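Participant:
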Amino acid sequence: MPRSSPTGRRTGRPAVTSTRAILDAARGLIERDGVDRLTVRRLAAEMEIGTTTLYHHVQGREDLLVLLLDEYLGAVPRPALPTAPRERAVAAARVMRDALLACPWVAEVLTTDGFLGMLSDASVWVVDVILGAAIDGGCSEEEAVWLFRNIWYFTVGQILVLAHSQDATPEERAQRAGFAGRDPEALPHLASIGARWPSIAVRDTFEDGIRALVEAGIIDARS
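Residue numbers (full-length UniProt numbering): 1 to 223.
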């Protein structure tokens with residue numbers, strides 16, 4: 001593949017152009033300075049190569065992050081899963097959620113159009129497991145895809161919300177104002193819950209939500 005001559009390098013320093021080296025450098029930059037500081041221009045400067053050279057290997061910042069996340073997800077251990085379809089789908093969804101939450105900058109790429117299709121086979125096994133569980137539970141392939149999409153949107157929604165509140169501990173979130181002082185005539189139920197809302201909402205109900213989606217999806221498929 002023809003490569004442009006990098007500009008701004010020190011004389012005699014060989015160009016580092018492998019995708020492996022680029023991903024390692026990007027990961028190091030993120031770990032040191034945070035994901036907000038990652039740009040193609042800054043990464044190229046740090047590696048002392050030209051941005052054109054970098055673009056021979058990655059399409060841009062978003063592509064870099066997808067590649068890094070793909071590598072991370074591909075290394076997530078695959079646990080033993082239940083044989084019962086419903087329980088298998090719920091357990092797989094929990095593995096998916098926990099793995100994504102463990103990546104501190106995952107919210108940067110989850111909303112990328114076609115994100116899942118950009119991942120390698122090693123990173124999307126959980127998608128296949130959930131589809132298989134749905135089909136084993138009586139769903140058609142189309143219904144299995146619909147069920148997975150509902151699970152995916154639910155999962156991403158929780159991750160995005162948590163990503164914007166990660167600086168607060170559960171205890172701190174539980175102390176927030178909630179709906180205290182609401183008009184009991186206009187909003188009787190919110191007023192009744194009032195200041196208790198944060199302490200109630202702080203509970204992790206992810207598995208309950210996934211289970212409800214799975215149960216509804218498989219029951220609808222059989223009706």
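Glycine residues also receive a C-beta, built at the ideal position from the N, C-alpha and C atoms.
From a predicted model like this one, the values you see are computed outputs, not experimental measurements.
How long is the line joining the alpha carbons of G217 and W105, rounded to whole angstroms?
Facilitator: Here residue 217 is taken as the residue at index 217 of the sequence shown, counted from 1. Here residue 105 is taken as the residue at index 105 of the sequence shown, counted from 1. Straight-line Cα distance between these residues: approximately 31 angstroms.
Participant: Measure the beta-carbon distance from F179 to I200 and round it to whole angstroms, keeping in mind my assumption that it falls under 8 angstroms.
Facilitator: Taking the first residue of the sequence shown as position 1, residue 179 is located at position 179. Taking the first residue of the sequence shown as position 1, residue 200 is located at position 200. With 8 angstroms as the limit, F179 and I200 do not qualify as a contact, their Cβ atoms being about 11 angstroms apart.
Participant: Under 8 angstroms, do T51 and V35 count as touching if we go by C-beta distance?
Facilitator: Here residue 51 corresponds to residue number 51 of the sequence shown, with the count starting at 1. Here residue 35 corresponds to residue number 35 of the sequence shown, with the count starting at 1. Going by C-beta atoms, T51 is not nearer than 8 angstroms to V35.
Participant: Is the distance from the Cβ of I210 to the Cβ of A93 below 8 angstroms?
Facilitator: Within the sequence shown, numbered from 1, the residue matching residue 210 stands at position 210. Within the sequence shown, numbered from 1, the residue matching residue 93 stands at position 93. It is a contact, given that the beta carbons lie within the stated cut-off.
Participant: For T17, which option in R27, E48, R37, L38 has the closest C-alpha, if you only look at C-alpha atoms?
Facilitator: As a first step, residue 17 is located in the sequence shown; it is residue number 17 there, counting from the start. That would be E48, whose Cα lies nearest to the Cα of T17.
Participant: Just the Cα atoms here: how many angstroms apart are Q59 and A195?
Facilitator: Position 59 of the sequence shown, counting from 1, holds the residue named residue 59. Position 195 of the sequence shown, counting from 1, holds the residue named residue 195. Spanning the two alpha carbons is a distance of roughly 48 angstroms.
Participant: May I have the straight-line CA-CA distance separating Q103 from L65, to the nearest angstrom?
Facilitator: The residue labelled residue 103 in the question sits at position 103 within the sequence shown. The residue labelled residue 65 in the question sits at position 65 within the sequence shown. Looking at the sequence provided, one finds Cys at residue 103 rather than Gln. Looking at the two C-alpha atoms, the distance is approximately 11 angstroms.
Participant: What three-state label does DSSP hand S5 in the structure shown?
Facilitator: Residue numbering aside, residue 5 sits at position 5 when the sequence shown is read from its first letter. Unreliable placement is indicated for S5, whose pLDDT of 40 sits below 50; the coordinate value is still reported in the next sentence. Coil.
Participant: Is E108 buried or exposed, if buried means 16 or more other CB atoms sit within 10 Å of its CB?
Facilitator: Counting from one through the sequence shown, the residue named residue 108 turns up at place 108. E108 comes out buried.
Participant: For the candidate residues I159, S165, L100, V161, whose alpha-carbon lies nearest to that of E71?
Facilitator: Start at 1 with the first residue of the sequence shown, and residue 71 comes out as number 71. With distances taken between CA atoms, E71 lies nearest to L100 out of I159, S165, L100, V161.
Participant: Considering V129, what are the terminal residues of the alpha helix (DSSP H) in which it resides?
Facilitator: Here residue 129 refers to the residue found at position 129 when the sequence shown is read from its first residue. Note, V129: alpha helix (DSSP H), 125–136.
Participant: Could you tell me which of M118, L110, L43 sits nearest to G157, measuring between CA atoms?
Facilitator: Counted from its first residue, the sequence shown places residue 157 at position 157. If we check each option's Cα against that of G157, L110 comes out closest.
Participant: State the DSSP-derived secondary structure class of R10, mapped to helix, strand or coil.
Facilitator: Position 10 of the sequence shown holds residue 10. Its pLDDT being 46, under 50, R10 is placed unreliably in this model, and the value from its coordinates should be taken loosely. Reduced to three states, the DSSP call for R10 is coil.
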